[in-house]
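Please read the structure below before turning to the comments.
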Amino acid sequence: MTLQERIQAVIRSVARKPAPADPEESLFESGVLDSFALPDMVSAIEKEFGIQVPDADLNPRKFDSVARIAGYIEERAS
Amino acid sequence: MAFLRAVGRFVPERVVANAELAARLGCEPAWIREVSGIVERRYGSESVVEMATLAAADCLAQAGVEASSIGCVIVSSGSAQRRFPGPAAETAARLGIGGAPAIDLPVASAGSLFAMALAADLAGRFGRVLVIASEKMSAVMEGAAPDRNTAILFGDGAGACLVDAAEGWARIENFKLHSDGAFADHLRLDFNQGLHMDGRTVILQAARKIPAAIREVLQAAGLAPADVSAFLMHQANQNLIVKVAQALEAPPEKFYSNIARYGNTSSASMLIAAAEWRRENPQAGGPVVFAAFGAGFHWGALLALGS
């Protein structure tokens, strides 16, 4: 599984909807995630990838698309 | 040592149901309820000071104490009618508490929590500290109109809490307060502007910070969420309250909620909820947890134990 596929699986499990095929597409504008599912998705990302998202990074822009989430995870891993 | 002696509240008479607001904002009443848990809210003709005075009078009546015995007044409001003076001194004067220090706390949603914490520390010096939170959010909504997602949330009201150095139904055990100005722009009310709220950021931050603050006060007392008899939170959004309960793995029914009837009354909401919870549960003692999160960001929690 690629990083993006793992992220899409997390989104699918939280939102109970498939993640957008386009990794750049907004998860909010596409209706996949709403404001109240976002905290659950961030927690699920932390669990899946073994990272801790600090409060300073709790900005929806960082988690707005599969591509942005992937970029954030890669940044944390480096 | 400081005790919660009594709580009181005032809400205006005029009920603004979702249908009225939905017609004005071009949305469905059911959508408002779905995204917020709110069914109706109150809009009043009373000023911040008038509502504060009425809530305080209710609190003092519940406590059975004279206003003249109050040593200090703290008034929280993010919707006061002018830059200065704030509503504290005028409210104190109307209550007949002339001469005692009256402190304004323009902290918005977390203001009543911060005021209670300050009162706990000030009670040793002043004896009785009257905490009041009063918000006229309808006036804020009437100004430069906020977006629909924000306009559906707010209502008017006031709450009050008497913190007493000597006696009360619960003793304030500890509190944890936090502030982080890095997110100041995400929830703000600028002069002559509409309320700006980046809801996604607020919810994302609050969903993590509120449970963390609650855990802080409980762990400091050697307690777990399961030990708490009631959680009295800022009534921001029913979906957020449920999310906090889930994060703490606590039964949602322990989280008192009246947001369906009053909407989000900013800093007043936690004390209005406390006053109504107390009336419905007059024999209940602690452990009770108060918690709030709002503009700033400011957030925290306060633990009171049965005395």
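These protein sequences, in sequence, are chains A and B.
At position 41 of the first sequence the residue is numbered 41 (the numbering used here), and the sequence of numbers has no breaks.
Start counting at 1 in the second sequence, then tack on 1000, and there's your number in the numbering used here.
Glycine residues also receive a C-beta, built at the ideal position from the N, C-alpha and C atoms.
Asked: Cβ of residue 1311(B) within 7 Å of any chain A Cβ; Found: Because residue 1311(B) is not part of the residues shown, which for chain B are 1001 to 1307, the question remains open.
Asked: Contacts of residue 1188(B) in chain A (Cβ-Cβ under 7 Å); Found: By Cβ distance, chain A contributes nothing, its closest Cβ being about 16 Å from residue 1188(B), past 7 Å.
Asked: Residue 47(A) versus residue 1184(B) - alpha carbon distance; Found: 29 Å
Asked: Interface flag, residue 1203(B) vs chain A, CB-CB below 7 Å; Found: yes
Asked: Proximity test, Cβ basis, 7 Å: residue 54(A) and chain B; Found: no
Asked: Range covered by the alpha helix (DSSP H) that runs through residue 1259(B); Found: 1259-1262
Asked: Runs of alpha helix (DSSP H) lying entirely within the region 1214-1272 of chain B, each at least 4 residues, in chain order; Found: 1238-1248 and 1259-1262
Asked: Classification of residue 1208(B) by the beta-carbon crowding that lies within 10 angstroms, buried from 16 upward; Found: buried
Asked: Rounded straight-line distance, which links the Cα of residue 1269(B) to that of residue 1009(B); Found: 9 Å
Asked: Spatial distance of residue 1247(B) from residue 1211(B) (CA atoms); Found: 7 Å
Asked: Run of the alpha helix (DSSP H) containing residue 1375(B), from where it starts to where it stops; Found: This structure does not reach residue 1375(B), given that chain B is present from 1001 up to 1307, and the question cannot be answered.
Asked: Chain A contact residues for residue 1292(B), given Cβ-Cβ distances below 9 Å; Found: Within 9 Å Cβ-Cβ: nothing; residue 1292(B) doesn't reach chain A, min ~17 Å.
Asked: Contact under 7 Å by Cβ, residue 8(A) with residue 66(A); Found: yes
Asked: Where residue 1087(B) falls, given that 16 or more other Cβ within 10 Å makes a residue buried; Found: buried
Asked: Cutoff 7 Å: residue 1239(B) Cβ touching any chain A Cβ; Found: yes
Asked: Interface positions of the region 1050-1077 of chain B facing chain A (Cβ-Cβ less than 7 Å), listed along the chain; Found: none
Asked: Amino acids of chain A, ordered along the chain, whose beta-carbon sits closer than 7 Å to that of residue 1207(B); Found: 39
Asked: Short CB-CB distance (under 7 Å) between residue 1199(B) and chain A; Found: yes
Asked: Residue nearest to residue 1078(B) in terms of C-alpha spacing, selected from 1126(B), 1205(B) and 1105(B); Found: 1105(B)
Asked: Beta-carbon contacts of residue 20(A) that lie in its chain and below 6 Å, excluding the five residues immediately before and after; Found: 30
Asked: Collapsed DSSP secondary structure at residue 1165(B) in the structure displayed; Found: coil
Asked: 7 Å Cβ cut-off: residues of chain A touching residue 1243(B); Found: 36 and 39
Asked: CA-to-CA distance, residue 1295(B) to residue 1182(B), given in whole angstroms; Found: 11 Å
Asked: Residue range of the alpha helix (DSSP H) that includes residue 1032(B); Found: 1029-1036
Asked: C-beta atoms of residue 1100(B) and residue 1127(B) nearer than 7 Å; Found: no
Asked: Sub-7 Å separation of residue 1265(B) and residue 1157(B) beta-carbons; Found: yes
Asked: 8 Å Cβ shell around residue 1013(B) - same chain, five flanking residues per side excluded; Found: 1042 and 1044
Asked: CA-to-CA distance, residue 1288(B) to residue 1161(B), given in whole angstroms; Found: 14 Å
Asked: Interface partners of residue 1182(B) on chain A, CB under 8 Å; Found: 56
Asked: Other residues of its chain near residue 1195(B): CB distance less than 7 Å, five sequence neighbours each side excluded; Found: 1140, 1146, 1150 and 1189
Asked: Proximity winner among 1218(B), 1094(B), 1082(B) and 1169(B), relative to residue 1056(B) (alpha-carbon distances); Found: 1094(B)
Asked: Local Cβ density within 10 Å of residue 39(A), reported as buried at 16 or more and exposed below that; Found: buried
Asked: Rounded straight-line distance, which links the Cα of residue 1234(B) to that of residue 1031(B); Found: 22 Å
Asked: Which of helix, strand or coil DSSP assigns to residue 1174(B); Found: strand
Asked: Contact set for residue 32(A): own chain, Cβ-Cβ below 7 Å, skip 5 residues either direction; Found: 11, 15, 17, 19 and 20
Asked: Three CB pairs or more closer than 8 Å across the region 1248-1255 of chain B and the region 1222-1232 of chain B; Found: yes
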